[in-house]
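Asker: Chains as they are written, first to last, in the working numbering: chain A, 2 to 161; chain B, 2 to 161. For glycine and all other residues, C-beta sits at the position ideal for the given N, C-alpha and C. Note that the coordinates shown come from a computational prediction; the quantities given were computed from them, not determined experimentally. First the structure, then my questions, so here it is.
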DNA sequence: TCTTAAATAAGAATTATTCTGAGTTTATAG
DNA sequence: CTATAAACTCAGAATAATTCTTATTTAAGA
Ligand SMILES: [Mn+2]
Ligand SMILES: [Mn+2]
Ligand SMILES: [Zn+2]
Ligand SMILES: [Zn+2]
């Protein structure tokens with residue numbers, strides 16, 4: 002069970018290229034910098050999330066990780082996600098009722114969700130500069146904000 | 002069980018004032034206009050939601066309605082909310098993981114959520130005019146959007 | 001290498017929501 | 001004012017997502 006993380010840190014086998022190793026090292030350093038122990042399960046969850054941009058659910062991550070060899074239990078995927086969220090390495094994205102999605106992109110950004118296929122896409126922060134939060138009711142102290150845009154993605158728009 | 006809706010339509014008793022009646026009539030008309038049958042339970046759910054601005058959960062509505070006499074079952078509160086949402090008379094507000102809140106304010110508006118006490122407050126649509134959706138990646142067809150602002154409310158800001 | 005606080009995992013528990021099916025009610029048409 | 005049929009309600013069962021419990025294992029520092 003430990004193999005994977007070990008392997009990523011040890012100098013790789015024949016087919017592995019250097020960039021994957023470097024990425025693994027970066028993940029290890031990131032976790033350590035947050036005082037999180039580097040376990041194979043936690044590593045796998047975070048690496049998986051960093052590797053995708055589709056804002057998966059816990060269930061989808063679990064399925065993806067265990068699709069070949071068993072890697073993490075359900076409970077561990079949930080607690081890994083909580084730990085990663087608690088230290089600010091991942092955030093949750095709430096756009097549908099009863100569905101909690103996760104995102105390793107912690108830079109401020111907005112989201113677009115296709116009403117037809119459910120696809121979620123990041124919108125760069127710079128896309129919406131003009132937002133003037135000063136005009137909010139006085140008394141409210143703003144810490145952060147985010148825009149949610151809904152509509153049709155390319156594919157679904159064409160199909161309809 | 003039927004009493005409440007009947008009473009609201011019949012010419013009122015001694016203590017009732019006219020505006021409550023008118024409000025009840027308006028609700029009845031609104032439901033009819035959406036081709037929803039006017040049942041006491043559905044009326045109660047919608048009236049309750051129109052009467053508050055705190056974006057309650059289904060559970061909170063249920064509790065509120067049944068606090069004196071039994072009014073609606075849990076299943077009925079859920080299906081009433083679904084029916085009201087399906088015809089566009091209420092919308093759901095998703096700001097916390099695993100919590101679905103409801104809102105009878107269907108005019109476009111934004112939300113503020115206090116990170117400390119969880120209070121949710123509406124932000125008028127006009128507050129943020131400057132948002133330029135044209136700058137979105139071409140290919141995405143925008144249908145609507147909403148801003149979520151997080152921070153501290155008056156009370157929590159003062160207390161901290 | 002030793003030590004131990006932290007993490008994992010299987011399965012039970014909890015919680016929110018939906019489903020089922022039998023009985024009731026609303027709205028309408030005669 | 002009835003009769004009728006589709007729509008609705010409700011109790012309780014079912015489902016699904018997430019959390020909890022606890023015994024066992026492990027990462028990482030001394
Ligand atoms: Mn994102
Ligand atoms: Mn609102
Ligand atoms: Zn789509
Ligand atoms: Zn507050």
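Can you give me the C-alpha to C-alpha distance between residue 103 of chain B and residue 20 of chain A, rounded to a whole angstrom?
Answerer: Looking at the two C-alpha atoms, the distance is approximately 48 Å.
Asker: May I ask you to report which of helix, strand or coil DSSP gives residue 157 of chain A?
Answerer: Helix at residue 157 of chain A.
Asker: Compare the C-beta of residue 160 of chain A against all C-beta atoms of chain B and say whether one is closer than 7 Å.
Answerer: It does not; no Cβ of chain B falls within 7 Å.
Asker: Less than 7 Å between C-beta atoms, sequence neighbours within five positions excluded: which residues of the same chain meet that for residue 92 of chain B?
Answerer: Cβ neighbours of residue 92 of chain B beyond the five flanking positions: 86, 104 and 107.
Asker: Residue 11 of chain A by DSSP, collapsed to three states: which one?
Answerer: With a pLDDT of 36 at residue 11 of chain A, under the threshold of 50, the predicted position of this residue should be treated as unreliable, though the coordinate-derived value follows. Correct three-state label for residue 11 of chain A: coil.
Asker: For residue 104 of chain B, is the beta carbon positioned less than 6 Å from some heavy atom of ligand 2?
Answerer: Yes, the beta carbon of residue 104 of chain B sits closer than 6 Å to at least one heavy atom of ligand 2.
Asker: Chain A partners of residue 72 of chain B, CB-CB under 7 Å?
Answerer: Near residue 72 of chain B there are no residues of chain A at all, since even the closest Cβ is about 24 Å away, more than 7 Å.
Asker: Using a Cβ-Cβ cut-off of 7 Å, state whether residue 102 of chain B counts as contacting chain A.
Answerer: Not closer than 7 Å to any Cβ of chain A, the Cβ of residue 102 of chain B fails to qualify, so no.
Asker: Please report the straight-line C-alpha distance between residue 16 of chain A and residue 74 of chain A, rounded to a whole angstrom.
Answerer: Because residue 16 of chain A carries a pLDDT of 48, less than 50, the predicted location of this residue cannot be relied on, and the following value inherits that uncertainty. Roughly 29 Å separates the two Cα atoms.
Asker: Is it the case that the CB of residue 52 of chain A approaches a heavy atom of ligand 6 more closely than 6 Å?
Answerer: No copy of ligand 6 occurs in the structure displayed; its ligands are ligand 1, ligand 2, ligand 3 and ligand 4 alone.
Asker: When the distance is taken between beta carbons, is residue 143 of chain A closer than 7 Å to residue 134 of chain A?
Answerer: For residue 134 of chain A and residue 143 of chain A, yes; Cβs fall inside 7 Å.
Asker: Helix or strand or just coil, what does DSSP make of residue 113 of chain B?
Answerer: DSSP places residue 113 of chain B in strand when its eight states are reduced to three.
Asker: Opposite residue 152 of chain B in the DSSP bridges: which residues?
Answerer: Partner(s): A:143 and B:115.
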